[in-house]
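These notes concern the structure reproduced below.
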Amino acid sequence: MRQHPISAVTEPTQYRAIGVVRGVYVPTDAEQLTRGVIRTADGTELEAVVLGRLLTLMRRHLNLEEPHLWVVYPRSREEEGLHLQMVGVWEPSTLAAGEEAVSPAVDSSAAVSSDDALPEGDDYFSVRGELIYTRPETGDLVVKVRVMPRPDGSRPVPFKLQLKGDVPLEHLRHFVALNLRRQAQQLQLESFEVIGPVAQRGNRGGKGRRDGAASKGGKGGKGRPAAPSQAGQRPSPVSRPAT
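According to the numbering used here, numbering within the sequence shown proceeds without interruption in unit steps and concludes at 239.
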């Protein structure tokens, strides 16, 4: 079976926020490479930082003057648009069988190989978490994503993603699985599924405590304890977004 840069979901309520963006990475400092922007074909410049061993691969194996399909973790910043954490690159046409998404590309081309194209297409994002804000009349959404505890036992603070789309108020405080597409500096909802209500600490705020109802992306279901995503984990998958 062909590999995918985003791994499969292992729990119905697995938190995550991950996606792919094609573009040319332009570092702020040519010597450091750790910070810069991803310049996309539509002319958008997305603020980005490079994480983990991708930095070594970029220095040794990638032609940064050409576009690549980057695997990224999205973050929202007030008034600054989308911020991306770069964790991998996806170019199976140039990689040996069995290599991971962050493996080096020996030779790259500005033309996109059909082998490198994903079923979901470029600029696809999967966000799974608790819907904590929705305003259908303006198309504004906020989803809270939790992260797995660190090895030392400390718990990272959950982060919030500001998104665009229409999800009814009845699904507030429910766990949702969203399929989104990047449009300029925003992530726009294409389809969603309501998994179930999220238990609220102290039973405060009665909103969103009913079982999930049928929604655009699929059927709602009974709530389960949510499984946090692991910080820095390898890309973890998605169902193909509705067309």
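Ideal Cβ placement from N, Cα and C applies to all residues, glycine included.
On a predicted model such as this, the values are computed, not experimentally measured, just so you know.
E95, DSSP secondary structure in three states: Below a pLDDT of 50, predicted positions are generally treated as unreliable, and E95, at 44, falls in that range; the measurement from the model is reported next regardless. Looking at E95 - three-state DSSP - the assignment turns out to be coil, as it is neither helix nor strand.
Test item: CB-CB of L114 and H167 under 8 Å: no
Report the rounded CA-to-CA distance for G32 versus S72, giving the unit in angstroms. 16 Å
Whole-angstrom C-beta distance between F188 and L174, which should lie under 8 Å: 5 Å
Would you tell me roughly how many angstroms separate the C-alpha atoms of P154 and G15, rounded to the nearest one? 18 Å
For M82, which of helix, strand or coil comes out of DSSP? strand
Rounded to the nearest angstrom, how far is the Cβ of A275 from that of P88, given a contact under 8 Å? It is not possible to answer for residue 275, since the shown part of the chain is limited to -3 through 239.
How would you write the range of the beta strand (DSSP E) that R31 sits in, first residue to last? R31 to R35
Option nearest R56 by Cα separation, candidates D38, E43 and E27: E27
Looking only at its own chain, which residues have a Cβ that is under 6 Å from the Cβ of H79, when we skip the five neighbours before and after it? E43, R71 and R73
With 16 other CB atoms within 10 Å as the buried threshold, where does G149 fall? exposed
Nearer than 7 Å: is that true of the beta carbon of V5 relative to any heavy atom of the ligand SAM? Absent from the structure shown: the ligand SAM. Ligands present: none.
In the DSSP assignment, what are the bridge partners of H64? G19
Please determine, among T134, I2 and E7, the residue with the shortest C-alpha to C-alpha distance to I191. E7
For E76 and P145, what's the separation of their Cα atoms in angstroms? 28 Å
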